[in-house]
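Student:
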Amino acid sequence: DGGITQSPKYLFRKEGQNVTLSCEQNLNHDAMYWYRQDPGQGLRLIYYSQIVNDFQKGDIAEGYSVSREKKESFPLTVTSAQKNPTAFYLCASSILLQGTQYFGPGTRLLVL
Amino acid sequence: RKEVEQDPGPFNVPEGATVAFNCTYSNSASQSFFWYRQDCRKEPKLLMSVYSSGNEDGRFTAQLNRASQYISLLIRDSKLSDSATYLCVVNTNTGNQFYFGTGTSLTVIP
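Have a look at this one:
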């Protein structure tokens, strides 16, 4: 089955810890995105990538980092510099940068 | 001013009712418009794209009004399964970002 997978479904972070969220797609999409969703707010763009080995900051990139070493994979690291990381993180992909986006099931990050 | 604004609701309607949501956008250069559906604690899923001429998919009709910079979603004959949050999404096609509304909550009541 083609689609986007994210893991883990739930993630717990301790103070000062870096954690990495996985996003994989087998749709052969060029573009991939990371969003953060907080209650009562719309999705906010963290990072996006148009092609392998290239990525751009979104509106709220501070405290996050990404890599795009393979077309299928776009992992997001939440660093200790992100002071309010508790949120629902959604990964998406699209054929082209401005094409329709399809989302993975999301990862809920909680701080212990 | 937010790029995309939606009435958060909630809209509580009886089964079989017709309900409409509007979404306004601030950038007149916006080119692509979408409605997504998001169930509680799940990811958004594409409901329909919105075309300039308007488009229909079963009980769902989407309209675009460029002059007033809004898009609308009409749901006819509401079903219990339509209960969800509906997200309006806009892209300028000149930028590299999609802008999401905060969503409109719909509950269909038996």
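Protein chains in written order, with the working numbering: chain L, 443 to 554; chain X, -18 to 91. Glycine is no exception: its CB is placed at the ideal position from the N, C-alpha and C atoms.
Could one say the Cβ of Pro25/X lies closer than 8 Å to chain L's Cβ atoms, at least one of them?
Tutor: Looking up residue 25/X in the second sequence gives position 44. So, interface residue.
Student: Round the Cβ separation of Asn460/L and Thr521/L to the nearest angstrom and send it over; I've been treating them as touching at under 8 Å.
Tutor: For this step, residue 460/L is matched to residue 18 along the first sequence. For this step, residue 521/L is matched to residue 79 along the first sequence. With a Cβ gap of about 5 Å, Asn460/L and Thr521/L count as contacting.
Student: Mapping the DSSP letters down to three states, classify Asp58/X as helix, strand or coil.
Tutor: Position 77 of the second sequence holds residue 58/X. Reduced to three states, the DSSP call for Asp58/X is coil.
Student: Roughly how many angstroms separate the alpha carbons of Arg18/X and Gly458/L, rounded to a whole number?
Tutor: By one-based count along the second sequence, residue 18/X stands at place 37. By one-based count along the first sequence, residue 458/L stands at place 16. One C-alpha to the other measures close to 35 Å.
Student: Starting from the Cα of Ser491/L, find the closest Cα among Leu551/L, Phe545/L, Leu552/L and Ser536/L and give me that residue.
Tutor: Counting from one through the first sequence, the residue named residue 491/L turns up at place 49. When each option's Cα is compared against that of Ser491/L, the closest is Ser536/L.
Student: Distance, Cα to Cα, Lys525/L vs Lys456/L?
Tutor: Numbered from 1 along the first sequence, position 83 holds the residue referred to as residue 525/L. Numbered from 1 along the first sequence, position 14 holds the residue referred to as residue 456/L. Straight-line Cα distance between these residues: approximately 11 Å.
Student: May I ask you to report which of helix, strand or coil DSSP gives Asp63/X?
Tutor: Locating residue 63/X in the second sequence gives position 82, where the first residue counts as 1. Asp63/X: helix per DSSP, three-state reduction.
Student: For Val(-6)/X versus Val71/X, is the C-beta spacing smaller than 8 Å?
Tutor: Working through the second sequence from its first residue, we reach residue -6/X at position 13. Working through the second sequence from its first residue, we reach residue 71/X at position 90. The answer is no: Cβ separation not under 8 Å.
Student: Could you check if Tyr452/L is buried or exposed, using at least 16 other CB atoms within 10 Å of its CB as the buried criterion?
Tutor: By 1-based counting over the first sequence, the position of residue 452/L is 10. Counting Cβ neighbours within 10 Å, Tyr452/L comes out exposed, since fewer than 16 surround it.
Student: Short of 7 Å in beta carbon distance, which residues of its chain neighbour Ala65/X, apart from the five on each side in sequence? Order them along the chain.
Tutor: Position 84 of the second sequence, counted from the start, is the residue given in the question as residue 65/X. Closer than 7 Å at Cβ, skipping near neighbours: Arg18, Gln19, Asp20 and Leu87.
Student: Can you tell me where the beta strand (DSSP E) holding Asp38/X begins and where it ends?
Tutor: The residue you call residue 38/X lines up with position 57 of the second sequence. It spans Asn36 to Asp38 - the beta strand (DSSP E) in which Asp38/X sits, taken as one unbroken run.
Student: Name the residue from Leu551/L, Val508/L, Gly546/L and Val553/L whose alpha carbon lies nearest to the alpha carbon of Gly592/L.
Tutor: For residue 592/L there is no data in the structure shown, the boundaries of chain L being 443 and 554.
Student: Measuring straight from C-alpha to C-alpha, what distance separates Tyr414/L and Thr(-1)/X?
Tutor: An answer regarding residue 414/L cannot be provided, because it is not within the stretch 443 to 554 covered by chain L.
Student: Strictly under 8 Å for the Cβ-Cβ distance: is Phe15/X near chain L by that measure?
Tutor: Working through the second sequence from its first residue, we reach residue 15/X at position 34. Yes, its Cβ sits closer than 8 Å to a Cβ of chain L.
Student: Counting only C-beta atoms, is Gly505/L closer than 8 Å to chain X at any point?
Tutor: As a working note, residue 505/L is residue 63 in the first sequence. No, Gly505/L does not count as interfacial toward chain X.
Student: Have a look at Glu514/L and Ser53/X and give me their C-alpha separation to the nearest angstrom.
Tutor: For the purposes of this step, residue 514/L is identified with residue 72 of the first sequence, where counting begins at 1. For the purposes of this step, residue 53/X is identified with residue 72 of the second sequence, where counting begins at 1. Each residue's alpha carbon lies about 35 Å from the other.
Student: Tell me whether the beta-carbon of Gly484/L lies closer than 8 Å to the beta-carbon of Gly(-10)/X.
Tutor: Here residue 484/L corresponds to residue number 42 of the first sequence, with the count starting at 1. Here residue -10/X corresponds to residue number 9 of the second sequence, with the count starting at 1. Contact: no.
Student: Could you tell me whether any Cβ in chain L is nearer than 8 Å to the Cβ of Ser30/X?
Tutor: Within the second sequence, numbered from 1, the residue matching residue 30/X stands at position 49. Ser30/X counts as touching chain L.
Student: Could you give the distance in angstroms between the alpha-carbon of Pro85/X and the alpha-carbon of Phe2/X?
Tutor: Locating residue 85/X in the second sequence gives position 104, counting from the first residue. Locating residue 2/X in the second sequence gives position 21, counting from the first residue. Residue identity check: residue 85/X is Thr in the sequence provided, not Pro. Roughly 7 Å separates the two Cα atoms.
Student: By the 9 Å beta-carbon criterion, what residues does the stretch 488 to 519 of chain L contribute toward chain X?
Tutor: Residues Tyr490, Gln492, Gln498, Gly500 and Asp501.
Student: Reducing DSSP to helix, strand and coil, say where Val494/L ends up.
Tutor: Along the first sequence, one-based indexing puts residue 494/L at 52. Coil.
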